[in-house]
Amino acid sequence: MTVYNILDYGAVADGITNSAAAIQKAVDVCSVQGGGRVLIPAGRFLSGTIELKSHVDLHLESGAELICSLNREDIINISAVHQGESGDESWEDGWEDGCFLGGIHAEHVSITGSGTIYGQGDRIFYDDGADGGLGECPKNVRGFRPRLMLFEDISDFRVEGVTLKDAAMWTLHMAGCRRVRVQNIQILNDVRGANNDGIDPDCCQDVIINGCVIQTGDDAIVVKSTKMMAKKYGPCRDIIITGCILHSHDSALKVGTETHGDIRNVVFSDCVIQDCSRAVGIWVRDGGTVEDIHIHHLTGAVRRYADCPQREFAPRWWGKGEPVFVSAAYRNEEKQYPGTIRSISLDHISLKCESCIFLGAEEASPIRHVTMDHIHLTMEQQGTQPADVFDEQPSPRGVYPHDIPAFYARYVDGLRVEAMTVWKTAANAADKEGKESAENQLVQLESCQRAEVNVQVEIKDEL
Numbered sequence: 001m002t003v004y005n006i007l008d009y010g011a012v013a014d015g016i017t018n019s020a021a022a023i024q025k026a027v028d029v030c031s032v033q034g035g036g037r038v039l040i041p042a043g044r045f046l047s048g049t050i051e052l053k054s055h056v057d058l059h060l061e062s063g064a065e066l067i068c069s070l071n072r073e074d075i076i077n078i079s080a081v082h083q084g085e086s087g088d089e090s091w092e093d094g095w096e097d098g099c100f101l102g103g104i105h106a107e108h109v110s111i112t113g114s115g116t117i118y119g120q121g122d123r124i125f126y127d128d129g130a131d132g133g134l135g136e137c138p139k140n141v142r143g144f145r146p147r148l149m150l151f152e153d154i155s156d157f158r159v160e161g162v163t164l165k166d167a168a169m170w171t172l173h174m175a176g177c178r179r180v181r182v183q184n185i186q187i188l189n190d191v192r193g194a195n196n197d198g199i200d201p202d203c204c205q206d207v208i209i210n211g212c213v214i215q216t217g218d219d220a221i222v223v224k225s226t227k228m229m230a231k232k233y234g235p236c237r238d239i240i241i242t243g244c245i246l247h248s249h250d251s252a253l254k255v256g257t258e259t260h261g262d263i264r265n266v267v268f269s270d271c272v273i274q275d276c277s278r279a280v281g282i283w284v285r286d287g288g289t290v291e292d293i294h295i296h297h298l299t300g301a302v303r304r305y306a307d308c309p310q311r312e313f314a315p316r317w318w319g320k321g322e323p324v325f326v327s328a329a330y331r332n333e334e335k336q337y338p339g340t341i342r343s344i345s346l347d348h349i350s351l352k353c354e355s356c357i358f359l360g361a362e363e364a365s366p367i368r369h370v371t372m373d374h375i376h377l378t379m380e381q382q383g384t385q386p387a388d389v390f391d392e393q394p395s396p397r398g399v400y401p402h403d404i405p406a407f408y409a410r411y412v413d414g415l416r417v418e419a420m421t422v423w424k425t426a427a428n429a430a431d432k433e434g435k436e437s438a439e440n441q442l443v444q445l446e447s448c449q450r451a452e453v454n455v456q457v458e459i460k461d462e463l
């Protein structure tokens, strides 16, 4: 493999000089000459946007740090640049600010090595004390914050070994990519950062994500189908996520909420959930179909974090300690058809939680064919917030007071729950009526058809 060292093209390892032109030159020469490895050697390299091209492996050796510039003039919207050349439609509203590393309409692109890609999000997020000093709500933001990585229509795309650190916005966004491998990477973001999602496969196909450690404020892994990408690339399908350790103040795995196209054939397995707001969240809001989602062998804990509803920016986390959340609901008061959720299975889930398994739909769009088996929940308060609300964001219902059962379902057609055990304390451990009350409110079903829910509860004075 031919190696193109960025130092030979004028890059400066001082962490101050913008080396974008030098790095881009190395990438361009590598691609034109048939491909090879663009080497980022040990050292700190500041850069603006870099566009990776076909047959290029961007390799960060041990001790290398590639730093994202936060100057708006250094960051390019790669899609907009190519729009003039190919007639492609540009990114949707809100995506126009561009990205640090990206690529479009290319093949055999990779990012490898043991170095670090640093987004400088720690300069963007700050604690304004909006939750009364608890230190849990989303942080506020200041300044320009580009996406860290954004790749569109890349076939045979690979990210392996690197550490992605302190993204100011979405970390690794892949749109319309095919044959994707994300392996053994670390994403180490601010755990209170809004919009700093870990990995976002958007209308991608044939994706394997495995062996990753991800800590973020926003969702760790999000499978979605945004409007423009669904139009250009079709459904999001055939995705395996396995063997990961995930921490988020939102969901560990999220499917949706953007569901303008279909999402199908997703497997989520053998993962550790570290104090997320939700372990699994599945939404339809935009008319698409989500089907054949299979989740098994998860362990860990989910909990509720403090919000700051009085603040306009990022007032709430989505999730209140639910182990599983499945929602087919209207996005807003316009009440357009949400879409379809069907064929969901979960088994061998063992989680400590603060809220219930939640399945909630509208009469016009019932959730269909859900099976659960070998579910073990330990319900107890772990943090600073009480368990006293349901959270259906984004929807007209929003967040509202509700007693918390162990299992709740509304408008579900075809529900089978077997071998589910729940451990919880009585409302008053010394009061027999408290124990009976806890047992009676264990399962709540509203407007469900063909539902078989077999749950064993163990009421304990102490857990």
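For the record, in the sequence shown the residue sitting at position 342 is 342 according to the working numbering, with numbers rising by one throughout. Heads up, the beta-carbon is just placed ideally off N, CA and C, and yes, glycines get one too.
Cβ distance (whole Å) where residue i is taken to contact residue j below 8 Å
i    : j    : result
G211 : Q186 : With a Cβ gap of about 10 Å, G211 and Q186 do not count as contacting.
I239 : V207 : 4 Å
C137 : C308 : 4 Å
A387 : S355 : 6 Å
A13  : R44  : 6 Å
L46  : S69  : 6 Å
S54  : H108 : 6 Å
E51  : G103 : 6 Å
Where residue i sits in the DSSP three-state scheme
i    : result
A20  : helix
K139 : coil
H82  : helix
S31  : helix
R181 : strand
Y337 : coil
Y305 : coil
N428 : Because N428 carries a pLDDT of 41, less than 50, the predicted location of this residue cannot be relied on, and the following value inherits that uncertainty. N428: coil per DSSP, three-state reduction.
R72  : helix
D190 : coil
K25  : helix
D8   : helix
G87  : Because the pLDDT at G87 is just 44, under 50, the model does not fix this residue reliably, and the point stays unresolved.
G121 : helix
P315 : coil
V356 : For clarity, residue 356 is Cys in the given sequence; the question names Val instead. DSSP places C356 in coil when its eight states are reduced to three.
Q274 : strand
R416 : strand
Q215 : strand
Beta strand (DSSP E) segment containing residue i, residue limits
i    : result
A328 : 322-328
M174 : 172-175
D373 : 367-379
D292 : 289-302
F407 : 407-410
S395 : Taken as a continuous stretch (DSSP letters only), S395 belongs to no beta strand (DSSP E), as it is neither H nor E.
K254 : 251-259
A3   : It is worth fixing the name first, because residue 3 is Val in this sequence and not Ala. From DSSP, the beta strand (DSSP E) with V3 extends over 3-5.
W283 : 278-284
N210 : 205-210
H247 : 245-248
C68  : 64-68
K165 : 163-165
I199 : 199-202
A106 : 99-113
S447 : S447 -> no beta strand (DSSP E), and no H or E assigned at all.
M169 : Element bounds for M169: n/a, residue is neither H nor E.
E152 : 147-160
H59  : 56-60
Residues near residue i by beta carbon distance below 7 Å, same chain, minus five either side
i    : result
H402 : V389, F390
V455 : A406, F407, V417, M420, V422, L442, V443
H249 : V191, R192, G217, S277, Y305, W317
Cβ neighbours of residue i in the same chain (closer than 6 Å, five flanking residues each side left out)
i    : result
D347 : H296, D373, H374
K254 : D219, V222, G281
Y233 : G176, C203
E452 : R416
F325 : R278, G281, F358
H464 : As displayed, the chain neither begins before 1 nor continues past 463, which places residue 464 out of reach and without an answer.
V399 : V389, D391
D262 : P235, G288, T289
R158 : S110, R181
R145 : I124, A168, M169
D200 : W170, H173, V222
Start and end residues, alpha helix (DSSP H) containing residue i
i    : result
A230 : 227-233
Cβ-based neighbour list, residue i, same chain, cut-off 8 Å, excluding 5 preceding and 5 following
i    : result
L60  : I40, L66, I111, T112, G113, S114, G115, T116, I117, V162
G287 : T259, H260, Q336, Y337, P338, G339
R331 : T257, R285, D286, P338, P394, S395
D413 : P366, I367, R368, H369, C448, Q449, R450
### Task
Tell me, please, whether the stretch 138-149 touches the stretch 308-321 by the rule of three or more beta-carbon pairs shorter than 8 Å.
Segment contact: the stretch 138-149 against the stretch 308-321, three or more CB-CB distances shorter than 8 Å; contact assigned.
### Query
Does the stretch 319-328 touch the stretch 268-286, meaning 3 or more C-beta pairs lie closer than 8 Å?
By the Cβ rule, the stretch 268-286 counts as touching the stretch 319-328, because three or more pairs are nearer than 8 Å.
### Message
Does the structure place the stretch 120-138 close enough to the stretch 149-158 that three or more beta carbon pairs sit under 8 Å?
### Response
Segments in contact, no.
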